[in-house]
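In terms of the numbering used here, the sequence shown has 35 at position 6, counting the first letter as 1, and numbering is strictly consecutive.
From the three backbone atoms N, C-alpha and C, an ideal C-beta is built for every residue, glycine too.
Take a look at the structure below.
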Amino acid sequence: MACDARAVLLVTRQMEGTSTNVARQRIELFCSLLPDHAGPHRDEAQNQEWVVVKGRASMVVRDEDEDERQRDD
Ligand SMILES: [Zn+2]
Numbered sequence: 030m031a032c033d034a035r036a037v038l039l040v041t042r043q044m045e046g047t048s049t050n051v052a053r054q055r056i057e058l059f060c061s062l063l064p065d066h067a068g069p070h071r072d073e074a075q076n077q078e079w080v081v082v083k084g085r086a087s088m089v090v091r092d093e094d095e096d097e098r099q100r101d102d
């Protein structure tokens with residue numbers, strides 16, 4: 030059994046020379062934590078956490094450039 034909360038992850042990349050972020054990929058997230066867990070939902074496969082705001086669709090935006098910096102660890 031899992032929490033199975035859902036969200037949509039938008040992976041964006043900043044256009045070179047502009048301040049425009051373009052969406053490159055749209056991924057569905059499924060929470061893999063236990064039901065009634067504390068804290069944010071988490072998709073282990075995508076290594077992405079999110080929180081649910083009541084009354085709004087769950088949407089997570091991940092900036093790809095930032096993501097690449099984190100992989101240097
Ligand atoms: Zn969850």
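| query | result |
| --- | --- |
| Any non-hydrogen atom of ligand 1 closer than 7 Å to L38 Cβ | no |
| Closer than 7 Å: L58 CB and nearest ligand 1 heavy atom | no |
| Three-state secondary structure (DSSP) of D33 | coil |
| Helix, strand or coil at D65 according to DSSP, with G and I counted as helix | coil |
| 8 Å Cβ cutoff met for V89 and A34 | no |
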